[in-house]
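Colleague: According to this note's numbering, the sequence shown holds residues 418 to 597 in order.
Just so you know, even glycine gets a beta-carbon here, dropped at the ideal spot from N, CA and C.
Provided herewith is a single structure, encoded as structure tokens, for subsequent inquiry.
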Amino acid sequence: MASINDIANAFSSYPPLRTNKYEVYINFPSASSQGFVGPVWATSVNLPGRSLSTVERRTFGPQRDMPYERLFSGDLEVTFILNKGAPLRTYFEEWMDLIIDPTTNRIKNSRQDYLGELEIDLLSDDNDVEYSITVEEVFPKSIGPVPLSYRSENEIAEQQISFSFRNYRQRNASDDGGGI
418 MASINDIANA FSSYPPLRTN KYEVYINFPS ASSQGFVGPV WATSVNLPGR SLSTVERRTF
478 GPQRDMPYER LFSGDLEVTF ILNKGAPLRT YFEEWMDLII DPTTNRIKNS RQDYLGELEI
538 DLLSDDNDVE YSITVEEVFP KSIGPVPLSY RSENEIAEQQ ISFSFRNYRQ RNASDDGGGI
């Protein structure tokens with residue numbers, strides 16, 4: 418059984434990561450007028466989850482779950498701060514217009530024209546990248562409403578974007594491409 422000193426030494430050697438120490442970067446699609454943007458002011462983001470699809474099989478004896486594909490859980494929800502001089506909402510509206518033309522209502526022929534990436538870095542207290550993922554084949558699925566009110570004098574405007582994605586991969590902290 419671990420003593421209190423063992424636990425204290427483990428915490429000092431490997432301190433826990435905090436949920437408020439992260440950075441989000443956006444790599445807009447190549448067809449966009451935007452390029453790589455980041456870090457953006459994201460007030461909240463969830464690291465995506467994943468699971469395995471299984472089917473029950475029996476060779477003999479009790480049934481066993483046999484995995485057959487990877488699944489990634491739902492959409493990626495990110496809430497951004499809207500700030501003066503960087504029209505983030507406009508960027509996402511233009512990105513959605515790349516997917517389906519607002520005049521003709523036709524979808525782009527090639528997915529590669531509108532797919533981007535999101536990079537999420539989890540930081541230590543020293544602002545070193547401790548865990549980093551690249552979310553692949555990303556595009557904005559919905560732009561949430563922004564509530565405005567004369568009564569909310571001291572609040573900031575936030576924009577929730579729901580992204581569709583296909584996969585994510587872990588990046589090493591020493592990999593290039595994160596902007597750190």
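1. Buried or exposed, going by whether 16 or more other CB atoms sit within 10 Å of the CB of Asn444?
2. If you draw a straight line from the C-alpha of Asn544 to the C-alpha of Asn437, how long is it?
3. Using the three-state DSSP reduction, which class does Phe445 fall into: helix, strand or coil?
4. Hey, how far is the Cα of Arg474 from the Cα of Tyr585?
5. Between the beta-carbon of Phe497 and the beta-carbon of Val454, is there less than 7 Å?
6. Suppose the cutoff is 7 Å on Cβ atoms and the five residues either side in sequence are ignored; what does the same chain contact list for Asp482 look like?
7. Pick from Leu499, Pro432, Leu493: whose alpha carbon is nearest that of Val552?
Modeller: So, to answer that:
1. buried
2. 11 Å
3. coil
4. 29 Å
5. no
6. Thr471, Glu473
7. Leu493
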